[in-house]
Each structure stands twice: as structure tokens, then as C-alpha cells.
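Below: the structure, in C-alpha cells.
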Amino acid sequence: MKITDLRVYLTRPESSNRSWLFVEIDTDEGITGVGESTNSGGGGALVVGRAYEMLKNDLEGQDFAEGLVGLDASDIDAIWHRIYRRFGTLGSRGFGTTLASGVDMALWDIKGKATGRPVWDLLGGKMRESVPVYSHVSSIDDIDACVADAKRQVALGYQALKLDPFGPEMGKKHRRYIDGKISPAGAEYADNLMGELRSAVGPGIELMIDAHGNFDVSTATEMCNRMMKHNLTWFEEPLQPESLDAHRQLRRNTDINLCIGERQYTRWDFAPYLQEGLVNYIMPDICWTGGISEMKRIAILAETYYVPISPHDASGAFNVITGAHLLMNVPNIYRLEMTEHGLKNYNSVITEPLDIRDGHLHLPDKPGLGYELDHEFIASHPDPEWERLHA
118 MKITDLRVYL
128 TRPESSNRSW
138 LFVEIDTDEG
148 ITGVGESTNS
158 GGGGALVVGR
168 AYEMLKNDLE
178 GQDFAEGLVG
188 LDASDIDAIW
198 HRIYRRFGTL
208 GSRGFGTTLA
218 SGVDMALWDI
228 KGKATGRPVW
238 DLLGGKMRES
248 VPVYSHVSSI
258 DDIDACVADA
268 KRQVALGYQA
278 LKLDPFGPEM
288 GKKHRRYIDG
298 KISPAGAEYA
308 DNLMGELRSA
318 VGPGIELMID
328 AHGNFDVSTA
338 TEMCNRMMKH
348 NLTWFEEPLQ
358 PESLDAHRQL
368 RRNTDINLCI
378 GERQYTRWDF
388 APYLQEGLVN
398 YIMPDICWTG
408 GISEMKRIAI
418 LAETYYVPIS
428 PHDASGAFNV
438 ITGAHLLMNV
448 PNIYRLEMTE
458 HGLKNYNSVI
468 TEPLDIRDGH
478 LHLPDKPGLG
488 YELDHEFIAS
498 HPDPEWERLH
508 A
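Per the working numbering, the sequence shown runs over residues 118 to 508.
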């Protein structure tokens, strides 16, 4: 079964400040697979989309530039390694793995459709009947509104919630790290917000903090220790991802559960954190770390250290869907990230809505990933910059 075409779609859902990138791969047996490689803002989706257009066919006169058209769609691992190794000098981990992700998902979808089996079944069968999820709390700059939103989502059945209580001050520094400091007033606000949330939802609801890597070691240590009294499931990305030694320093000075992973790529990035016991949870992003294939390898690695995996989501519907297929299969899971506020956008790009009940995502018992792109919606909600580039 040969690959005959690769198509790229960039769409910007309503009320979204970033574009979602989807790919479809066609085969000579009439089977089409879907994948996603949405990048987190910064125009990254445009860069990845252009790179996908180069991956489709051979580039004449270039070395290491063989295209995907004509390859056997069933050779999922071989194609993954071809893409990963192709862009070694640009950065295989991050750029290369994002390209591999969408293709990998689409090839698993094709294999499932060709065999009549769901992807979770191809991965080894199901460990559970549905996938537990967690959601995000909004209105972090208003304690009363934030508490009200948390209570609303708990009433809908969500048992775990995440937020960045430092966001009112640190949000403007997000993706613009300079000194890693927070003011006493910003820290006090975060402490008060978490205290009000914990009081409102009670001890039975799991709460998590995401600091978005905005702190230096001393500030991260102070914030982690200050937040311990709120009985958190984890404190996520207290530090930027570049320095392993910074994470060693933090681990020596706090007992709070730590989570990292959305900016670590492949098993090689995760290995030292697991080997040294620096984290309690990991959260790779299936759109960035290499798709279903690499996520499964990371999960197996984490299992050897008894560390749960919790796929990250800051993207579109197929990020959630493919992460759910993996979590149906592997034993060492926490929850799948999604956002209740984003359900409308997730559902807008697929032909049937996600089935979320009682804090769990229920996958359809269909071949492949079980969902298809809604081309009518995508055509009516194009990314304007992508359209301009292709005018």
C-alpha cells in the first residue's frame, strides 16, 4: 500500500489565537489517514506546513531529501526514522519530531482502517474502557470568577483541574523568559487563588499548577514549597527546559510532585529525568514529540521507573484523539489533558463530537483513529497567513 499524496490544512477556529495544522495522507488503496502537527503559536504552524510541502516529493539535486510519495504506508517506524534523521542539523528533536508526528498519526490511522481495527487495538489492546481527562480553569485574573468556573466544571463531572495562578503577573512574560522572578504581590495572589480554589472544590478534586517555565531555580523552589499546602497533584514546568542541572537543584530542595515534558522530545530527552528521579509525572505532547510511535516508546521507558504519563494538549482535536488511543493501551497513565472551554473548537474540526462523560473520554469502536476532518469547516475557517502564502 503506497503513499500517493500528502495534504496540509491550516485552520483557525473561532475565538482562537493560534492555528491548527492537520495532514492527510492518501494511499493507492483508497485509504486516507489523518494526523496533526499543530505548533504552539509564534507562527510555527506556518513553518511546519511549508516543511510538509517539501516532504511530499523528492527534492531534485538535494541529498537526504527523498519524499514520502511512493513509500509503503505500513512501514511506520522506517518512515518515522527517515523524517527524524533528515533534519538533524536543524533540530531533530522539536522541529523534526513535529513533522514526524502528523505523518505518524496518519499512518497509524491508515493501518487501522486497512485492518479494520482501532489504533488502540493495534498498539496491543485496551487496558481500560475509557480515558480519564483533566481540564483547565479560566478567569485566573479574577478569584471569584475562577472559583465559579472550577465549581461549574466539577459539576459537569471533571475530577481534576489545572491552572497557572501566577499568570496575572507572569503571563506577559510567557515565551519571553528573562529573569525568572515574580513580585511578592504576584506570589501572594497565586497563593490566595489556590487557597480559595481548594476550599471551594474540596479535598477530593485534584488540582495542578502549570508555571509555564517562568521561574529561575530559587523562585521555583520558593513557589513549589509555598504551594505544597494546597495538596497539589503536581507543579508543572517550574523551570525552563534547557538545564538538567537546574532541575537537579530544584529536586533537592522541594518535595512537591514535579511534572515536565511538553518541551522535551523523544525518549532521549526524557531518559535522564527518569533515571535521576527528577520528576513524578511526564507530559509529552503527541504533536511535538514524534506522534503515537514515539509516545509509546516514551511511555514504556517511563513505566520502568513507575512514572505516569499524561499527554500534553495545547492543540486541536487529533492531539486529544491520538493521546487517548495511547492511554487506552499503556498501563502507567495519569490523565489526558484537554480543556472543557475548548470542546466547541475541538468538535468543529471533526465530523462527530468527542464523547466526554463523567470526566472520561470514550473513543468510538471504529477502525483507525475513529474520527475524520470536517473539510467544510476547515475550508470556511482558513488560516489567513497560510492563504496569503498560497495566493
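Yeah, the Cβ is synthetic: ideal placement off N, Cα and C, and Gly gets one too. No experiment lies behind these values; they were computed from the predicted model shown.
* Can you list, in chain order, the residues of its chain whose CB lies under 6 Å from that of W137, leaving out five sequence neighbours each side? -> Residue mapping note: residue 137 aligns to position 20 of the sequence shown, counting from 1. Contacts found: T128, T155 and G433.
* To do: Taking the CB atoms as reference points, tell me whether T383 and R202 lie closer together than 8 Å.
  => Here residue 383 is taken as the residue at index 266 of the sequence shown, counted from 1. Here residue 202 is taken as the residue at index 85 of the sequence shown, counted from 1. Cβ distance not < 8 Å, so T383 and R202 don't count as in contact.
* **Spatial distance of T338 from N397 (CA atoms)** => Residue numbering aside, residue 338 sits at position 221 when the sequence shown is read from its first letter. Residue numbering aside, residue 397 sits at position 280 when the sequence shown is read from its first letter. Roughly 16 Å between the two C-alpha positions.
* **For W237, the first and last residue of its enclosing beta strand (DSSP E)** => Looking up residue 237 in the sequence shown gives position 120. Not the beta strand (DSSP E): W237 falls in the alpha helix (DSSP H), residues V236 to L239.
* Asked: Using the rule of at least 16 other Cβ atoms within 10 Å of the residue's Cβ for burial, across every protein chain shown, is T232 buried or exposed?
  -> The residue labelled residue 232 in the question sits at position 115 within the sequence shown. By the neighbour-count rule (16 or more Cβ atoms within 10 Å), T232 is not buried but exposed.
* To do: Alpha carbon to alpha carbon, how far is I295 from T421? Give it in angstroms, no decimals.
  => Here residue 421 refers to the residue found at position 304 of the sequence shown. Here residue 295 refers to the residue found at position 178 of the sequence shown. Approximately 36 Å between the Cα atoms of the pair.
* **Range covered by the beta strand (DSSP E) that runs through G150** => The residue given as residue 150 occupies position 33 in the sequence shown. Counting along the chain, the beta strand (DSSP E) containing G150 begins and ends at T149 to E153.
* **Same chain, Cβ closer than 8 Å to E183, five either side skipped, listed in chain order** => By 1-based counting over the sequence shown, the position of residue 183 is 66. Excluding residues within five positions, the ones whose Cβ falls inside 8 Å are D175 and R199.
* Asked: How would you call Y423, buried or exposed, if buried means at least 16 neighbouring beta carbons within 10 angstroms?
  -> Position 306 of the sequence shown, counted from the start, is the residue given in the question as residue 423. Looking at its Cβ environment, which holds fewer than 16 other Cβ atoms inside 10 Å, Y423 is exposed.
* To do: Within 10 angstroms of the Cβ of T406, are there 16 or more other Cβ atoms? Answer buried if so, exposed if not.
  => The residue you call residue 406 lines up with position 289 of the sequence shown. It is buried - the Cβ of T406 has at least 16 other Cβ atoms within 10 Å.
* Asked: The alpha helix (DSSP H) spanning F139 covers which residue range?
  -> For the purposes of this step, residue 139 is taken as residue 22 along the sequence shown, with counting starting at 1. No alpha helix (DSSP H) contains F139, which is instead part of the beta strand (DSSP E) from W137 to T144.
* Asked: Should the region 368–382 be regarded as contacting the region 343–355, the criterion being three or more beta carbon pairs within less than 8 Å?
  -> yes
* How far does the beta strand (DSSP E) with T121 in it reach, from first residue to last? -> Position 4 of the sequence shown holds residue 121. T121 -> beta strand (DSSP E) spans I120 to T128.
* Would L453 pass as a contact of L444 if the rule is Cβ separation under 8 Å? -> Taking the sequence shown and counting its residues from 1, one reaches residue 453 at position 336. Taking the sequence shown and counting its residues from 1, one reaches residue 444 at position 327. Yes, the pair counts as a contact, with Cβ atoms nearer than the cut-off.
* To do: Let me know if W385 comes out buried or exposed under the rule of 16 or more other beta-carbons within 10 Å of its beta-carbon.
  => Sequence index remark: in the sequence shown, residue 385 carries index 268 (1-based). So W385 counts as exposed.
* Which listed residue (R167, A496, E411 and L506) has its alpha carbon closest to that of D194 -> For the purposes of this step, residue 194 is taken as the residue at position 77 of the sequence shown. Comparing Cα positions, the closest option is E411.
* Excluding sequence positions up to five away, which residues of its chain have a Cβ less than 6 Å from the Cβ of K298? -> By one-based count along the sequence shown, residue 298 stands at place 181. Closer than 6 Å at the Cβ level, and outside the excluded window around K298, lie T336.
* To do: Say whether chain C places a C-beta atom closer than 8 Å to the C-beta of D296.
  => Structure shown: chain C not included; a single protein chain is present.
* To do: Please classify G208: is it buried, with 16 or more other beta-carbons within 10 angstroms of its beta-carbon, or exposed?
  => Mapped onto the sequence shown, residue 208 falls at position 91. Flag for G208 reads exposed.
* To do: Take the Cβ of S360 as the centre, count every other Cβ of all protein chains shown within 10 Å, and call the residue buried at 16 or more, exposed below.
  => Numbered from 1 along the sequence shown, position 243 holds the residue referred to as residue 360. The residue in question, S360, is exposed, as its Cβ has fewer than 16 Cβ neighbours within 10 Å.
* To do: For my contact list, V250 and H477 are in at a C-beta cut-off of 8 Å; report their separation, rounded to the angstrom.
  => The sequence position of residue 250 within the sequence shown is 133, counting from 1. The sequence position of residue 477 within the sequence shown is 360, counting from 1. Contact flag correct, Cβ pair sits at about 7 Å.
* Hey, which unbroken runs of the alpha helix (DSSP H) at 4 residues or more fall wholly within the region 200–262? -> 205–208, 214–232 and 236–239
* Asked: Touch check for the region 306–318 and the region 245–261: three-plus C-beta pairs under 8 Å?
  -> yes
* To do: Pair every Cβ in the region 237–245 with every Cβ in the region 213–222, then say whether three or more of these pairs are closer than 8 Å.
  => no
* With distances taken Cα to Cα, identify the nearest neighbour of H479 among E146, W237 and F212. => Indexing the sequence shown from 1 puts residue 479 at position 362. Closest by alpha carbon: W237.
* Buried versus exposed, by CB contacts within 10 Å (16 or more), M345 -> Translated into positions along the sequence shown, residue 345 becomes position 228. When all chains shown are included, M345 counts as exposed.
* Thinking V466 and P235 are a contact (beta carbons under 8 Å), I'd like their distance in whole angstroms, please. => Working through the sequence shown from its first residue, we reach residue 466 at position 349. Working through the sequence shown from its first residue, we reach residue 235 at position 118. About 20 Å; that fails the 8 Å criterion.
* Asked: What is the rounded straight-line gap between the Cα of K289 and the Cα of F332?
  -> The count along the sequence shown starts at 1 and reaches residue 289 at position 172. The count along the sequence shown starts at 1 and reaches residue 332 at position 215. Their backbone Cα atoms lie some 13 Å apart in a straight line.
* Cβ atoms of L123 and L185: under 8 Å apart, would you say? -> Numbered from 1 along the sequence shown, position 68 holds the residue referred to as residue 185. Numbered from 1 along the sequence shown, position 6 holds the residue referred to as residue 123. Yes; because the gap between Cβ atoms is below 8 Å, this pair is in contact.
* Cutoff 8 Å; reference V254; Cβ partners in own chain excluding five residues on either side -> As a working note, residue 254 is residue 137 in the sequence shown. Excluding residues within five positions, the ones whose Cβ falls inside 8 Å are C263, D266, A267, Q270, L278, K279, L280 and L314.
* To do: Find the nearest neighbour of V125 within the set E170, P320, R380 and I409, judged by alpha-carbon distance.
  => Working through the sequence shown from its first residue, we reach residue 125 at position 8. The candidate whose alpha carbon is nearest that of V125 is E170.
* Boundaries (first-last residue) of the beta strand (DSSP E) holding R474 -> For this step, residue 474 is matched to residue 357 along the sequence shown. Looking at the DSSP string, the run of the beta strand (DSSP E) that includes R474 is D472 to R474.
* Asked: Hey, out of G274, G284 and G229, whose CA is closest to S256's CA?
  -> What you label residue 256 is simply residue 139 of the sequence shown in a count that begins at 1. The shortest Cα separation from S256 among G274, G284 and G229 belongs to G284.
* Distance between A223 and P425 (C-alpha atoms, nearest Å) -> Here the question's residue 425 lines up with position 308 in the sequence shown. Here the question's residue 223 lines up with position 106 in the sequence shown. Distance between the alpha carbons of P425 and A223: 26 Å.
* Closest by CA to T144, which one among A168, D192 and S157? -> As a working mapping, residue 144 is identified with position 27 in the sequence shown. It is D192.
* Asked: Between L163, I415, G485 and D226, which lies nearest to E379 when the distance is taken from Cα to Cα?
  -> Along the sequence shown, read from residue 1 onward, the residue named residue 379 stands at position 262. Taking only the C-alpha atoms, the option nearest E379 is I415.
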